[in-house]
Amino acid sequence: MWPFGSSSEAGPSKIAQAVQDNAPDSTQSTSQSSTPSSNPASRWERTLADEEAYQAKVYPTTGELPSCMNLLDEFLMCYALGPQLRNMYRHGTYRDCTWKWADFKYCLSLKAEDMEERRELWIKRRAEWWARRRFEGSSEDVWNVRDKPLENFPPLYADEVPAETPM
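As numbered in the working numbering, residues 222 to 388 make up the sequence shown, in order.
Shown next as structure tokens:
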């Protein structure tokens with residue numbers, strides 16, 4: 222299931238296309254975000270601008286936006302037994318679905334806006350959410366990338382190397 226909408230709204234082909242269209246920008250932003258910056262505000266602005274450009278490609282028209290009913294369905298599915306048991310097994314806690322409820326309430330608040338304004342506001346909200354995730358890091362960010370391979374790893378000792386036997 223896609224994070225915001227059914228597969229007909231933001232399916233794999235549209236997201237894959239947006240990733241391909243955004244590939245040079247994403248590699249550039251990754252290299253920028255991995256280097257330490259003296260000004261975190263400028264790093265935040267760059268990250269936010271990268272995410273806004275990406276989200277604009279994911280949601281190219283107003284018809285691509287998730288409906289409020291889809292967001293409500295996703296909120297209710299988040300609290301279903303299956304996803305909660307999976308999260309309990311993997312992480313040892315129940316899954317917190319409050320952000321899905323917040324998205325549903327935000328969608329309802331956008332009902333008074335015209336469609337193009339609604340699209341721009343949704344893109345800005347999603348870009349801020351993703352930029353915050355990129356900026357703050359993740360629980361999966363525990364590995365450091367090596368610039369060069371380790372020397373003599375795995376270590377080979379003369380007595381461990383099997384002798385070749387002629388056949």
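Just so you know, even glycine gets a beta-carbon here, dropped at the ideal spot from N, CA and C.
{"query": "CA nearest to the CA of E285, picked from A352, R354, I344 and Y378", "result": "I344"}
{"query": "CA nearest to the CA of E273, picked from M309, A348, D368 and N365", "result": "A348"}
{"query": "Local Cβ density within 10 Å of T251, reported as buried at 16 or more and exposed below that", "result": "Reliability fails at T251, whose pLDDT of 44 lies under 50, so the model's placement of it is uncertain and the value that follows must be treated cautiously. Exposed is the call here."}
{"query": "Local Cβ density within 10 Å of R311, reported as buried at 16 or more and exposed below that", "result": "exposed"}
{"query": "Rounded C-alpha distance that separates N291 from E372", "result": "53 Å"}
{"query": "Entirely enclosed alpha helix (DSSP H) segments - the segment 277–352, minimum 4 residues", "result": "289–299, 302–312 and 319–330"}
{"query": "Any C-beta of chain D under 8 Å from that of E273", "result": "Annotation note: the requested chain D is absent from the structure, which comprises a single protein chain."}
{"query": "E272 (DSSP reduced to helix, strand or coil)", "result": "helix"}
{"query": "Neighbour-count burial assignment, E295, 16 or more Cβ in a 10 Å radius", "result": "buried"}
{"query": "Where R367 falls: helix, strand or coil (DSSP)", "result": "coil"}
{"query": "As assigned by DSSP and simplified to three states, the class of F374", "result": "coil"}
{"query": "Cα-Cα separation between F374 and D368, rounded to whole angstroms", "result": "15 Å"}
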